[in-house]
Structures are given as structure tokens and as C-alpha cells.
Amino acid sequence: MSALTWAVAAVVTDDAGRVLLCRQGRGERHGLPGGRLRPAESPVHAVTRDIRAETGWDVEVVDLVGLYHLAGRYGAVLAGPAPAAGRAGPLPDVLVHVFRARTRGSGPAGEPVGGCRPSWHHPSALPEALTPTTRAALTDALAGRSGVLRDTVPGAPAPTAGHPPGQRSTPPADRAPHP
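Its first residue numbered 1, the sequence shown is counted upward by one per residue in my numbering.
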């Protein structure tokens, strides 16, 4: 069993309905802005802190879209090429809290730091090269879903409306599940 890394990200929209994405490193893949939790830090605080640092934007968290699990054997999608055998051990599983958020203000409150190159995209014109977690979370968030529990797998087709493949959802305690 590999270690578990806790991360946060958000589907950030502006007043025009566009989505904020980050292109990181030298690749062409786009992802949601976010990062890792610090010890004893809440996911909501972590996501607002990380988005400000990565993109310069202050955001207001609206709600939780869901929890997205990326198994360690697929970690190369997030971490780049796998390390040489024996150097760093197995890649960690990643559990990402994905929130829905909106921008505060009419422009970035500061300069982005780090490797994120932020860009805005209309939901009907998203880049083709998205990380698996980004693709799944965007599909869920833009469809208005909340409370999603999903395993994300690289190369899997994007979920469709209704019950996306791989989605597991637990009904509220006061409601019986539908047959």
C-alpha cells in the first residue's frame, strides 16, 4: 500500500462563467489550481491559500464538489516520470478535495508565484489536455453535482450526464437509497 497525499483544488469561475485553469511545468496539460494541505490546516483554508499563491486571485469557496482519488500507480500523471527503482519508493495515492469557488474582485489581488500559468476558459472551449482529476471534477462541477466520491483514472472517457462511470455517492442518512 502506498502513502496517501491530501490535496485541494477548486473549480474557480468568474462573473463571465469562465473557468480558471493552471498549466504547470513544461507540459501542455491543464489542471485546477490548488495544492497540498499543511499539517493541521483545513481544506477550505488550504485551497484559498494555494489559489492565491498560484494564480494571484482571491476566491470565495462556495461548496464541495467532491473527493477524487488518484491511485499511486497513476501518480506519474501528477508527478511526472516515475523515479528510478529503489530511489523514492512507490508513488503516493492522492486524495483531492475539489471545491466550487468564485473570484473576489475584478482582477488578481497579487502576482502568481510558482509554476502555474493561469488562464481563463469558457466551459464550451476547455483545453483538450486536462489531468484526469481535472476532467472529472470539471464535468461534475459544471453539471451542478456536489458530494461526489470518485476514483479517477488516466485515459478514461469523460463522465456524461446522469451517473458518471466510476462515481460512488453515499445518500444522506435521512434518505433511503433509490433501487
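Just so it is clear, CB atoms sit at the ideal spot from N, CA and C, and this is done for glycine as well.
Residues near residue i in its chain [Cβ-Cβ closer than 7 Å; skip 5 each side]
i, result
"His121", "Arg18, Val19, Leu21, Pro127"
"Thr13", "Val19, Arg102"
"Thr182", "What is shown of the chain runs 1 to 179, which leaves residue 182 out entirely."
"Glu60", "Ala101, Arg102, Arg104"
Residue i and residue j closer than 8 Å at C-beta
i, j, result
"Ala141", "Val11", "yes"
"Pro112", "Thr55", "yes"
"Gly110", "Arg52", "yes"
"His69", "Thr152", "yes"
"Val9", "Gly25", "Residue identity check: residue 9 is Ala in the sequence provided, not Val. In this structure, Gly25 does not lie closer than 8 Å to Ala9 by Cβ."
"Leu149", "Leu67", "yes"
"Leu95", "Trp6", "yes"
"Pro132", "Trp57", "no"
Which of helix, strand or coil DSSP assigns to residue i
i, result
"Asp14", "coil"
"Ala136", "helix"
"Leu67", "strand"
"Asp174", "Interpretation of Asp174 is limited by its pLDDT of 36, a score under 50 that renders its predicted location unreliable; no figure is taken from the coordinates."
"Val153", "coil"
"Gly31", "strand"
"Ala40", "coil"
"Val113", "coil"
"Pro118", "strand"
"Cys101", "Looking at the sequence provided, one finds Ala at residue 101 rather than Cys. Looking at Ala101 - three-state DSSP - the assignment turns out to be strand."
"Thr131", "coil"
"Leu181", "Limits of the chain in this structure are 1 at one end and 179 at the other, which puts residue 181 out of reach."
"Gly72", "helix"
"Ala143", "coil"
"Ala7", "strand"
Residue i CB to nearest heavy atom of the ligand ADP below 7 Å
i, result
"Arg150", "With respect to small molecules bound, the structure shown includes none, and the ligand ADP cannot be examined in it."
Buried versus exposed, by CB contacts within 10 Å (16 or more), residue i
i, result
"Gly114", "exposed"
"Leu4", "exposed"
"Ala46", "buried"
"Pro39", "exposed"
Sequence-distant residues of the same chain with beta carbon closer than 8 Å to residue i, five excluded per side
i, result
"Ala129", "Gly27, Glu28, Arg29, His30"
"Val62", "Phe99, Arg100, Ala101, Arg102"
Residues near residue i by beta carbon distance below 6 Å, same chain, minus five either side
i, result
"Arg23", "His30, Arg117"
"Val44", "Val61"
Expected contact under 8 Å - CB spacing of residue i and residue j to nearest Å
i, j, result
"Asp50", "Ala71", "Not confirmed; about 23 Å, so no contact."
"Ser124", "Val65", "Not a contact, Cβ separation roughly 19 Å."
Min CB distance residue i to chain B below 8 Å
i, result
"Gly56", "In the displayed structure, chain B is absent; only one protein chain is listed."
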